[in-house]
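> Okay, here's the structure, questions in a sec.
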Amino acid sequence: MSDDKRIVSVEVVEVGEIDPVICEEKMKGKIKDGKCHVALVEYEDGSKEFREYDLIEKKGGKND
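Shown next as structure tokens:
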């Protein structure tokens, strides 16, 4: 993972209707309203990646 890069934003994104096992165990997401939600992290260099949903609480990102 890219923990050595500085995170500038974290937001919740919906990645669609995915099997709960894949969403929660593989992607570390949360199921809301039958859809999988994960954190989209943006780093100071402009790169982005999907990360575990728990980063929303850890980094104080936007939550819907």
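In my numbering, the protein residues as written are 75 to 138.
The C-beta atom is built at its ideal place from N, Cα and C for all residues, glycine as well.
Only a predicted model underlies this, so the values are computations on that prediction, with no experimental measurement involved.
(1) I'd like to confirm the pairing. Which residues does DSSP put opposite SER83 in its beta bridges?
(2) Report the three-state DSSP secondary structure of ILE130 (helix, strand or coil).
(3) Could you tell me which residues DSSP puts in a beta bridge with GLY90?
(4) Can you tell me whether LYS102 is helix, strand or coil according to DSSP?
(5) Near ARG125, which residues of its chain fall below 6 Å by C-beta distance, leaving aside the five closest residues on each side in sequence?
(6) Within the same chain, show all residues whose beta-carbon is closer than 7 Å to that of ILE130, passing over the 5 residues directly before and after it, in chain order.
Put simply:
(1) GLU116
(2) helix
(3) CYS110
(4) coil
(5) ALA113, VAL115
(6) VAL84, VAL86, ALA113, ASN137
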